[in-house]
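Let me begin by presenting the structure, written as structure tokens, before commenting on it.
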Amino acid sequence: MRIKRFALAAIAFTALPLTILGVISEYPLISVFALLFGLVWGLLFFFEKHFANTLAFIAYILIVMIGAFVELNFAILLAVVCFDLAAWNLTKFWNRIQRYELIENQQQLENHHLKQVFGVLIIGYILAILPHWIEIELSFFLIFLLSLLTFFLFGKGITALHKEK
Amino acid sequence: MKHSLLILLYLILLLTIGGLVILNPDWILLAVPLLVYFMASILNQPKPMKLKIEREITPKRVRPNIPIRVVVTIENQGEQITDFSAQELLPGGVQVKEGATTLLAFLPENGKIQLDYSFEAPRGEYRQFLLETEVQESFDGFEIQADVEERSSILVYPETEPLTEIKIRPPHTRGFAGIILARRGGSGVNFFSIREYQPGDPLRQINWKVSSRGQQALYTNVFEQEQVADVGIILDARQSLNLTKISKNEQGNRVKESLFEHSVQGAAALSKRFIEDGHRVSLLVYGSGKKRVFPGYGKIQQRRFLDALSSVKPVINFALTNFDNLPVRFFPPKSQIVLISPLLAEDVKFIRKMCIRGYSVLIISPNPIAFKSIETNDFESLAYRLAMAERTFVLRQVHQIGAQVVDWPVHESLEQVLRRASFRLQTSIQRGRVWK
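Listed in order, the protein sequences are those of chains F and S.
Heads up, the first sequence stops at 1186 in the numbering used here, and the numbers go up one at a time, no gaps.
Heads up, the second sequence stops at 455 in the numbering used here, and the numbers go up one at a time, no gaps.
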């Protein structure tokens, strides 16, 4: 039940800041969609319907992208992305828990899961918010090299994963 | 890698490339939490598990409607597993009555967990038990699955109805004392004949009336020996003769009922009775191959019978669509044969052959027409009457060639039917029709 409460809270923390931000910044459409998706996702999840989890997660990322495009508060948008990820993860985890008749060491299982998810999201939030405070000047050539390196490493990583599979 | 991680990857690419295209750094930065989540999932990939799995099933041979208990013990012999799941995949037809067959656990190093459940199953042989295990990481990106298959056979025996004595009179009996009149003089209860007194005969067996009429000789009563017999049971498992219908059980659930199931129960009940009477009994299941139990006595033989009967199924076998290939010589000559079959018109000639070879044939014939008519409650229609007339004709033909026939409407118990038929059987036996 704890996971369900956490998941519902995460859905609420995803929907409400965006709604308020939309109202404050006079973008009512963002508010309406954020609230609507939040309500639908929350209700469906509450009644154990899990088909909408991934759709709602993607929808919120798209709303956040629009929010960032119209220059809404970045720190809040970033928090929304983190809570969206948390909500997505926890709804899936709850769905998984529900599928089993017997759960052994439930406390340890849930604690470990929550620690890992929230730990990673906090790190992600900090890593994303840091560039807003720290300004470094990089030449175009360096950025180009870094981008190439990133894509190269990314490609290597994906190939390695495919091989492992 | 699971689909959810791919979705994440596409979103990261969308944010990064989109940010580069529209020159919006915020989009790229928004991808950072997703990227961290993605990397965490990759770094956190589950490692192969080292598990020791033991399964304990009790009992392995069981009567129907008695629960079988299964305890699966899983011991982690490797590193701690933070998200472990196991699911027991049971053979078809099995119904879990108590306990859990799926489990999710946090499994510490050297930790043990148990799946403890009990199930009930209809008659049959159940071999395959599959335990699906899975290790997953917290970010739902990767999983490792391993299936552990166990091949330990569980036999659910057919229901066995208790039967009282069955009157049989095979032409040939075996040397051991039993309950069948052997048409041979010796020690017994029934009077057999008189012979001249021989030294050593008990005095109480002297027939004084006959002796007084004689000149000087004494005469002794001779009684009929009672011996055991060879009984061969043939269970007809030809699919073409098997009928099924949907009926409601005691709990009101719809279940599939098969005529063959009644035949199997009949075979089990008859074998139990014959073995308890001390006969040497053998079994041949004809139709789905030629499954057989060689002649034998006693409780072990009874167990062999139930083992064989628990796994028989009606199967289409084009080589065995009629009794052409019936290996009659499998049974000792002049023994008693009990054929359990719904019977077809073309089977009559093979039964005749058996009678000619000197076997005493008793046919227990589960009535397929009554079996089907109960479903529709159709006992008046022309179709029903015609079908019954045809069947009666076949049964009469079989009776005329010297075999004993018991028509068994399967909604009645076999005991009832046999008791009703026993008078007719006895009369025929006295007339000597069975072995002529």
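Here a beta-carbon is modelled for each residue, glycine too, at the ideal position from N, C-alpha and C.
Mind reading off the beta-carbon distance from S/Ile163 to S/Pro65? Whole number of angstroms is fine, and I expect it under 8 Å. Taking the first residue of the second sequence as 1, we reach residue 163 of chain S at position 144. Taking the first residue of the second sequence as 1, we reach residue 65 of chain S at position 46. Between S/Pro65 and S/Ile163 the Cβ distance is about 5 Å, and since that is below 8 Å, they are a contact.
Measuring only between beta-carbons, confirm whether F/Pro1152 sits less than 8 Å from chain S. To locate residue 1152 of chain F, count along the first sequence from 1; it is residue 131. Yes, F/Pro1152 lies at the interface with chain S (some Cβ there is under 8 Å from its Cβ).
Limits of the unbroken alpha helix (DSSP H) element including S/Ala165: Here residue 165 of chain S is taken as the residue at index 146 of the second sequence, counted from 1. Note, S/Ala165: premise wrong, no alpha helix (DSSP H); beta strand (DSSP E) at Glu162 to Val175.
Interface residues of chain S facing F/Glu1125 [CB-CB closer than 9 Å]: Taking the first residue of the first sequence as position 1, residue 1125 of chain F is located at position 104. Within 9 Å Cβ-Cβ: Phe103, Leu122, Leu123, Ala124, Phe125, Leu126, Gly130, Ile132 and Gln133.
Indicate the three-state DSSP secondary structure (helix, strand or coil) for F/Lys1184 in the structure shown. Taking the first sequence and counting its residues from 1, the one referred to as residue 1184 of chain F is at position 163. Helix at F/Lys1184.
Please report the residue range of the beta strand (DSSP E) in which S/Ile93 lies. Within the second sequence, the letter at position 74 stands for residue 93 of chain S. Segment Ile87 to Asn95, the beta strand (DSSP E) holding S/Ile93.
Beta-carbon contacts of S/Asp159 that lie in its chain and below 7 Å, excluding the five residues immediately before and after: Taking the first residue of the second sequence as position 1, residue 159 of chain S is located at position 140. Around S/Asp159: Lys21 and Ser23.
Per DSSP, what are the beta-bridge partners of S/Thr77 in this structure? As a working mapping, residue 77 of chain S is identified with position 58 in the second sequence. BP columns for S/Thr77 point to S/Arg88.
Return the first residue and the last residue of the beta strand (DSSP E) that S/Leu358 is part of. Counting from 1 along the second sequence, the entry for residue 358 of chain S is found at position 339. Start and end: Gln355 to Ile359.
Keeping to the same chain, check which residues put their C-beta closer than 8 Å to that of S/Val8; ignore five residues upstream and five downstream. The question about residue 8 of chain S has no answer, for chain S in this structure spans 20 to 455.
Can you give me the start and stop residues for the alpha helix (DSSP H) that S/Thr120 sits inside? One-based indexing of the second sequence puts residue 120 of chain S at position 101. No alpha helix (DSSP H) holds S/Thr120; DSSP gives it neither H nor E.
Where does S/Ser282 sit, in a helix, a strand or coil, going by DSSP? As a first step, residue 282 of chain S is located in the second sequence; it is residue number 263 there, counting from the start. Three-state DSSP puts S/Ser282 in a helix.
Option in S/Thr152, S/Leu53 and S/Thr395 with minimal Cα separation from F/Phe1139: In the first sequence, the residue the question calls residue 1139 of chain F occupies position 118. F/Phe1139 has its Cα closest to that of S/Leu53, out of S/Thr152, S/Leu53 and S/Thr395.
For S/Leu149 and S/Gly451, the rounded distance between their alpha carbons: Indexing the second sequence from 1 puts residue 451 of chain S at position 432. Indexing the second sequence from 1 puts residue 149 of chain S at position 130. Low confidence applies here, because S/Gly451 scores a pLDDT of 48, under 50, leaving its location unreliable; read the following figure in that light. Straight-line Cα distance between these residues: approximately 58 Å.
Quick check on F/Lys1025 - is its C-beta less than 8 Å from some C-beta in chain S? As a first step, residue 1025 of chain F is located in the first sequence; it is residue number 4 there, counting from the start. Output row for F/Lys1025: interface = no.
Start and end of the beta strand (DSSP E) containing S/Ser137? Translated into positions along the second sequence, residue 137 of chain S becomes position 118. For S/Ser137, the uninterrupted beta strand (DSSP E) run begins and ends at Lys131 to Glu139, by DSSP.
Distance, Cα to Cα, S/Arg88 vs F/Gln1127? Taking the second sequence and counting its residues from 1, one reaches residue 88 of chain S at position 69. Taking the first sequence and counting its residues from 1, one reaches residue 1127 of chain F at position 106. The straight-line gap from Cα to Cα measures roughly 25 Å.
For S/Asp249, which three-state DSSP category applies? Translated into the one-based positions of the second sequence, residue 249 of chain S becomes position 230. It is a strand residue.
Rank F/Leu1151, F/His1071 and F/Leu1123 by C-alpha distance to the C-alpha of F/Trp1109 and give the top, closest one. Looking up residue 1109 of chain F in the first sequence gives position 88. Checking every option, the nearest Cα to that of F/Trp1109 belongs to F/His1071.
I need the DSSP call for F/Asp1105, collapsed to helix, strand or coil. Taking the first residue of the first sequence as 1, we reach residue 1105 of chain F at position 84. The answer is helix: DSSP assigns F/Asp1105 an H, G or I state.
Please tell me whether S/Met68 has its Cβ less than 8 Å away from any Cβ of chain F. As a working note, residue 68 of chain S is residue 49 in the second sequence. For S/Met68, the answer is no, since every Cβ of chain F falls outside 8 Å of its Cβ.
Pick helix, strand or coil for F/Gly1063, following the three-state DSSP scheme. Taking the first residue of the first sequence as 1, we reach residue 1063 of chain F at position 42. Residue state, collapsed to three classes: helix.
Which chain F residues sit within Cβ distance under 9 Å of S/Ile26? As a position in the second sequence, residue 26 of chain S is number 7, starting the count at 1. Here the neighbours are Thr1075, Phe1078 and Ile1079.
Neighbourhood of F/Ala1100 by C-beta distance below 8 Å, restricted to the same chain and skipping five residues each side: On the first sequence, position 79 is the one that residue 1100 of chain F refers to. For F/Ala1100, where only same-chain residues beyond five positions count, the Cβ hits under 8 Å are Phe1034, Pro1038 and Tyr1146.
Closest residue to S/Leu362 among S/Ser330, S/Leu328, S/Leu42 and S/Arg415 (Cα-Cα distance): Start at 1 with the first residue of the second sequence, and residue 362 of chain S comes out as number 343. Taking only the C-alpha atoms, the option nearest S/Leu362 is S/Arg415.
Span of the alpha helix (DSSP H) holding S/Arg232? Looking up residue 232 of chain S in the second sequence gives position 213. From DSSP, the alpha helix (DSSP H) with S/Arg232 extends over Trp227 to Arg232.
What does F/Lys1177 reach in chain S if we use C-beta pairs closer than 9 Å? Your numbering for residue 1177 of chain F matches position 156 in the first sequence. By Cβ distance, chain S contributes nothing, its closest Cβ being about 12 Å from F/Lys1177, past 9 Å.
Counting only Cβ pairs nearer than 9 Å, list the residues of chain S close to F/Tyr1048. Along the first sequence, read from residue 1 onward, the residue named residue 1048 of chain F stands at position 27. Near F/Tyr1048 there are no residues of chain S at all, since even the closest Cβ is about 15 Å away, more than 9 Å.
Are S/Glu81 and S/Tyr145 closer than 8 Å when you measure CB to CB? Against the second sequence, residue 81 of chain S aligns to sequence position 62. Against the second sequence, residue 145 of chain S aligns to sequence position 126. Before going on, a small fix: residue 81 of chain S reads as Val here, not Glu. It is not a contact, given that the beta carbons lie outside the stated cut-off.
Beta-carbon within less than 8 Å of S/Ser392's beta-carbon, same chain only, minus the 5 sequence neighbours each way: which residues are those? What you label residue 392 of chain S is simply residue 373 of the second sequence in a count that begins at 1. The answer, listed in chain order, is Phe398 and Tyr403.
Nearest chain S C-beta to F/Leu1039 closer than 8 Å, yes or no? Mapped onto the first sequence, residue 1039 of chain F falls at position 18. No, no contact with chain S.
For F/Ile1082 and chain S, any beta-carbon pair shorter than 8 Å? Taking the first residue of the first sequence as 1, we reach residue 1082 of chain F at position 61. For F/Ile1082, the closest Cβ of chain S is nearer than 8 Å.
According to DSSP, which residues form a beta bridge with F/Gln1245? Any question about residue 1245 of chain F goes unanswered here, given that chain F covers just 1022 to 1186.
Just the chain F side, please: which residues come within less than 7 Å of S/Asp15 by C-beta, in chain order? This structure gives no information on residue 15 of chain S, because the portion of chain S shown stretches from 20 to 455.
Which whole-angstrom value describes the C-beta separation of S/Ala256 and S/Pro333, a residue pair presumed to lie in contact below a C-beta threshold of 8 Å? Taking the first residue of the second sequence as position 1, residue 256 of chain S is located at position 237. Taking the first residue of the second sequence as position 1, residue 333 of chain S is located at position 314. With 8 Å as the limit, S/Ala256 and S/Pro333 qualify as a contact, their Cβ atoms being about 5 Å apart.
Give me the chain F residues within the contact set of S/Ile61, using Cβ-Cβ distance strictly less than 8 Å, ordered along the chain. The sequence position of residue 61 of chain S within the second sequence is 42, counting from 1. Those are Gly1178 and Leu1182, listed as they occur along chain F.
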